[in-house]
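Visitor: My numbering puts the first residue of the sequence shown at 110, with every later residue one more than the last.
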Amino acid sequence: MSHEPATDYSIIIPAYNEAELLPATLERVNAVVAEITSHRGEVVVTDNDSTDSTGEIARRHGARVIEEPIRQIARSRNAGGKHSRGRYLIFVDADTLITAELLRQSLAALDGGDCVGGGTLIDARGDRTHAGWAVTVSVSSWNLLSICCNWACGAYVFCRRDAWEAVGGFDETYYASEEIHFSNALKRWGKANGCKFRVLRVHIATSMRKFHWYSPLRILGMCLRLVLQPSRMKSREGCGLWYERPES
């Protein structure tokens, strides 16, 4: 994969049927890109076999749209990365609102030359009245795990293009937890090349919609099955929490 970067960084958004939340995400991304005048950025949306107006919405907001017909989060991220032009890659989920401060810190870390990539901490956006305790516990637990294990959350991952290429991108044998495996791969590459992986301390807003779709006990049960049977992460059927949505 050889690229002549026309931009400093690419914001890559994998999206499957995100017509509801994608507009706000892209409006925020466009505002942040416009605010950071020190670097040139582009926005790429991977339309991951959507059946709604996701692709049309992305184009309307000025994003370059890549079509990926096979539904898989890792594959969708990699497709966007392959067609992007930036020397830095920033992967943002379609239900996540980034900030100018987060992008500024990410670019500064990568510009420093001793950072291979990283992630950041998360916060829950919107109404917490439904399963509020479960959201609070889940977010707090993940942030602690992210700091202790030095793992990026899937909602926001940034890295150098050369490192992404060197490790082969996100591992497409996984249908879930690919951001953890990618974090570990970047850490190994970084260690061999004198670079560190950093979890920034800027909180980003991301939706907790799974807690509105499913009960806390059902989510806990799904997660426990994956922990007890890690091989389930290598099939879409075993990762229904990420690939199934309740009927509207």
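Think of the CB as a built atom: it goes at the ideal place given N, C-alpha and C, for glycine as much as any other residue. Small disclaimer: the values here were computed from a predicted structure and weren't measured.
Please classify residue 187 as buried or exposed, where buried requires at least 16 neighbouring CB atoms within 10 angstroms.
Guide: Within the sequence shown, numbered from 1, the residue matching residue 187 stands at position 78. Counting Cβ neighbours within 10 Å, residue 187 comes out buried, since at least 16 surround it.
Visitor: Residue 149 to residue 155, Cα distance in whole Å?
Guide: Walking along the sequence shown from the start, residue 149 turns up at place 40. Walking along the sequence shown from the start, residue 155 turns up at place 46. Approximately 20 Å, taken between the alpha carbons.
Visitor: Just to check my reading of the structure: residue 140 and residue 131 have Cβ atoms closer than 8 Å, yes? What is that Cβ distance to the nearest angstrom?
Guide: The residue labelled residue 140 in the question sits at position 31 within the sequence shown. The residue labelled residue 131 in the question sits at position 22 within the sequence shown. So it is not a contact: roughly 15 Å between Cβ atoms.
Visitor: Taking 9 Å as the cut-off, decide whether the C-beta atoms of residue 216 and residue 147 are in contact.
Guide: In the sequence shown, residue 216 corresponds to position 107, counting from 1. In the sequence shown, residue 147 corresponds to position 38, counting from 1. Contact: yes.
Visitor: Please look up how many angstroms separate the CB atoms of residue 289 and residue 190, rounded, as I've assumed it's under 8 Å.
Guide: In the sequence shown, counting from the first residue as 1, residue 289 sits at position 180. In the sequence shown, counting from the first residue as 1, residue 190 sits at position 81. That belief does not hold up - the Cβ atoms of residue 289 and residue 190 are roughly 18 Å apart, past 8 Å.
Visitor: Excluding the 5 residues preceding and the 5 following residue 352 in the sequence, name in chain order all residues of the same chain whose CB lies nearer than 6 Å to its CB.
Guide: By one-based count along the sequence shown, residue 352 stands at place 243. Excluding residues within five positions, the ones whose Cβ falls inside 6 Å are 345.
Visitor: Using the C-alpha atoms, what's the distance from residue 170 back to residue 64?
Guide: Coverage of the chain is limited to positions 110 through 357, which leaves residue 64 absent and any answer about it impossible.
Visitor: Need the endpoints of the beta strand (DSSP E) that residue 332 sits in, please.
Guide: By 1-based counting over the sequence shown, the position of residue 332 is 223. Run containing residue 332: none in the beta strand (DSSP E); it sits in the alpha helix (DSSP H), 325 to 337.
Visitor: On a CA-only basis, which of 197, 203, 308, 180 is nearest residue 281? Give me that one, please.
Guide: Position 172 of the sequence shown, counted from the first residue, corresponds to residue 281. The option with the nearest alpha carbon to residue 281 is 180.
Visitor: I need the boundaries of the beta strand (DSSP E) containing residue 198, first residue and last residue.
Guide: The residue given as residue 198 occupies position 89 in the sequence shown. 195 to 201 is the extent of the beta strand (DSSP E) around residue 198.
Visitor: When the distance is taken between beta carbons, is residue 307 closer than 9 Å to residue 227?
Guide: If you number the sequence shown from 1, residue 227 lands on position 118. If you number the sequence shown from 1, residue 307 lands on position 198. Yes; because the gap between Cβ atoms is below 9 Å, this pair is in contact.
Visitor: If you count every other CB in all the chains shown that lies within 10 Å of the CB of residue 119, and 16 or more means buried, which is it?
Guide: For the purposes of this step, residue 119 is identified with residue 10 of the sequence shown, where counting begins at 1. Under this definition residue 119 is a buried residue.
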